[in-house]
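Worksheet for the structure shown next.
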Amino acid sequence: MEKTVLCRSDNSQKTEIEKTVKNENDESSQTTRLPYYLQNFLTVLQAVLENEDDRILFNDEDMSLIHAFEKLSVMGQKLYVRLFQRKLKWLQVSKLDYEEIRSDLAPVAQELVQQRFLQSENDLEHLGEALDLLPAPELKSLAKTSTLVILGLRNCS
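Heads up, the sequence shown is in this note's numbering, so the first residue is 979 and it goes up one at a time.
Right, here's the structure in full:
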């Protein structure tokens, strides 16, 4: 379960629209065109940072986050931008479906957690947040095993 957190991006250097990425099938590098959503994100970021009046709005912490974003893998950047565009709430990684990034997003999400672009289930602060993430059948099962009374439900089976 991961939560998207607002990225306080920062980077005083130009961000490339095209990146050199390793071909997963061999060790040679090739230039690959980035998807539109990542290109747009990088273009806006670059435009803001190139404008002196805008760049001064970023503090050192913001700039270090932008540098950290640039160091993410391309898949990490893609997933972050996809999640950045969504409503800020807790999401289960297993429920995310971005096949164009990778079929198994868990390792990519873990990279984002390690770099502090996402929060993990360890960052849940309230029981209600955790319960909100559970699907109804799992909530019913939890209620049965915990001998809780669920108001409004006649039958928990």
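Backbone N, C-alpha and C define an ideal beta-carbon position, used for all residues, glycine too.
- With respect to VAL1059, TYR1015 sits close: the two C-beta atoms are nearer than 8 Å.
- LEU1074 has its alpha-carbon roughly 10 Å from the corresponding atom of SER1081.
- Per DSSP, HIS1104 lies in no alpha helix (DSSP H) and is assigned neither H nor E.
- Under DSSP, LEU1074 takes part in no beta bridge, so it has no partner.
- Residue range 1052-1062 is occupied by the alpha helix (DSSP H) that includes LYS1056.
- GLY1054 and GLU1089 do touch by the CB rule: their CB atoms are close to 5 Å apart, below 8 Å.
- Boundaries of the alpha helix (DSSP H) harbouring PRO1115: 1114-1123, taken from the DSSP string.
- Less than 8 Å divides the Cβ of TRP1068 from the Cβ of GLU1107.
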